[in-house]
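Trainee:
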Ligand SMILES: C[S@@+](CC[C@H](N)C(=O)[O-])C[C@H]1O[C@@H](n2cnc3c(N)ncnc32)[C@H](O)[C@@H]1O
C-alpha cells in the first residue's frame, strides 16, 4: 500500500503492515526540514543515526521527529521560553532541539543564580542519560541541559519551587496524568506556560488521522495487539497503553484549568496552555 497520494481510509489503515505504517510515518516526517525556520540543529541527523545504530530501528523511533522538533522550537521562540522541563530524555534529541531554540532566542547557558541550567531533563535510565550527555557535548549545548536520573514521578515532585515555561511530557504514558497534575498543582509550569504531551494519538492513532477532534465520547482506543504496531517498541505495545493515553486525553479535554489542541503530528502531540484564574 502506498500512502503518498491520498489520505488513507480507516479500512486501509486497519489492514496496514508494520512496514507500511513506518513508511507512512517516514513520509509524514520527511518534509524537508530546511523549508522551515528555525532550522534543524546540525548534530541531530548524527544523533538519529547513532540512535538507530545502537538502539535499533524500533527503539530509535522514540526520538522526537525532525518536524516535531522544529515545531516545538518555534513555540519556544513564540512564547519567549527561558526554562524548559523535559520528562523523558532518551538519547537527547528533543533536548538538543530545545537547547538550540533557547540559544537562538538569546538565553544564556550555564547555571543561574540558583545553580540550575535552563533545561532540566528527567529519565529513569542511567544508560540513556549518559548517551544523551555525550550528545549534548557534541552539540555544544551541555551548558543548557541538566539530566536528573530517577523515576520522573519523584524527580518532578522534587522540582517544586522551580518554574518552567515549557513542560514536555515524553516518558511513560500511564504517568502523563500524574506529571500533568504535578506540573500544574505545584506551579512547576508557569501561568503563561505550555505543556506539550507527546504520542497522544499513539496506539489508537487511526481514528485520529481522518477525524478531527474532539474525540467522540464513546471513542475507544484500538486493541493494543493491532498488527500495525507489532514492529514498534515494546512501550508502544505495553498492555493498557492505549487506554492510559485515551484517559489522559479525556482528562485534559474536560479540565477547566487548561485548553488543549491535539495535532496529528507523527504519533500525535497535544499542546496545552494554562487558563488564567
Ligand atoms: C519516548 S522516550 C523520550 C524521547 C526523547 N524525548 C527524545 O526525543 O529523544 C521515553 C523515555 O522515557 C524514559 N522513561 C520511561 N519511564 C520513565 C519514568 N518513570 N521516569 C523517567 N523516565 C522514564 C525512558 O527511559 C525513555 O528514555
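In full-length UniProt numbering, the protein residues as written are 1 to 277. For each residue, glycine too, the CB sits at the ideal point set by N, CA and C. These figures come from a predicted structure and were not determined experimentally.
Once you ignore the five residues that flank residue 163 on each side, which residues in its own chain have a CB closer than 6 Å to its CB?
Mentor: Once the five neighbours on either side are set aside, the close Cβ partners of residue 163 are 190.
Trainee: For residue 270, count the other beta carbons within 10 Å of its own beta carbon; 16 or more makes it buried, fewer makes it exposed. Which is it?
Mentor: Per the 10 Å Cβ criterion, buried.
Trainee: Could you pull the DSSP bridge partners for residue 359 from this structure?
Mentor: The question about residue 359 has no answer, for the chain in this structure spans 1 to 277.
Trainee: Quick one: is the Cβ of residue 124 within less than 7 Å of any heavy atom of ligand 1?
Mentor: Yes.
Trainee: By how many angstroms is the C-alpha of residue 144 removed from the C-alpha of residue 108?
Mentor: Going from the Cα of residue 108 to the Cα of residue 144 covers about 8 Å.
Trainee: Using a 10 Å radius around the Cβ and a threshold of 16 neighbouring Cβ atoms, would you call residue 54 buried or exposed?
Mentor: Result: exposed.
Trainee: Under 8 Å: do the region 91 to 98 and the region 119 to 135 share three or more Cβ pairs, one atom per stretch?
Mentor: At 8 Å Cβ cutoff, the stretches touch.
Trainee: When the Cα atoms are used, what is the spatial distance from residue 174 to residue 247?
Mentor: The alpha-carbon atoms of residue 174 and residue 247 are separated by roughly 9 Å.
Trainee: Residues in its own chain within less than 6 Å of residue 64 by CB, not counting five upstream and five downstream?
Mentor: Answer for residue 64: 93, 94, listed in chain order.
Trainee: Helix or strand or just coil, what does DSSP make of residue 159?
Mentor: It is coil, neither helix nor strand.
Trainee: Cβ of residue 152 within 8 Å of Cβ of residue 87?
Mentor: Yes, the Cβ-Cβ distance between residue 152 and residue 87 is below 8 Å.
Trainee: Taking all protein chains shown into account, do 16 or more other C-beta atoms lie within 10 angstroms of the C-beta of residue 117, making it buried, or fewer, making it exposed?
Mentor: Buried is the call here.
Trainee: Note down the Cα distance separating residue 51 from residue 140, rounded to an integer number of angstroms.
Mentor: Spanning the two alpha carbons is a distance of roughly 18 Å.
Trainee: Below 8 Å on the Cβ atoms is my guess for residue 245 versus residue 272; work out the distance and round it to an integer in Å.
Mentor: No, residue 245 and residue 272 are not in contact; Cβ-Cβ is about 14 Å, not under 8 Å.
Trainee: Could you pull the start and end residues of the alpha helix (DSSP H) that residue 267 belongs to?
Mentor: Unbroken run through residue 267: none, as it is neither H nor E.
Trainee: Answer with buried or exposed for residue 197, where buried requires no fewer than 16 other C-beta atoms within 10 angstroms of its C-beta.
Mentor: It counts as buried.
Trainee: Give the straight-line distance between the Cα atoms of residue 41 and residue 77, rounded to the nearest whole angstrom.
Mentor: Those two C-alpha atoms are separated by around 15 Å.
Trainee: Classify residue 267: buried if its beta carbon has 16 or more other beta carbons within 10 angstroms, exposed otherwise.
Mentor: Buried, since its Cβ has 16 or more Cβ neighbours within 10 Å.
Trainee: Apart from the five residues just before and just after residue 98, which ones in its own chain have a Cβ nearer than 6 Å to its Cβ?
Mentor: Hits under 6 Å: 84, 119.
Trainee: Residues in its own chain within less than 6 Å of residue 171 by CB, not counting five upstream and five downstream?
Mentor: Excluding positions up to five away in sequence, the list reads 87, 88, 152.
Trainee: In chain order, what residues of the same chain lie with their CB nearer than 6 Å to the CB of residue 178, ignoring the 5 residues before and after it?
Mentor: Closer than 6 Å at Cβ, skipping near neighbours: 153.
Trainee: Helix, strand or coil for residue 146? Go by DSSP, reduced to three states.
Mentor: In this structure, residue 146 counts as strand in the three-state DSSP scheme.
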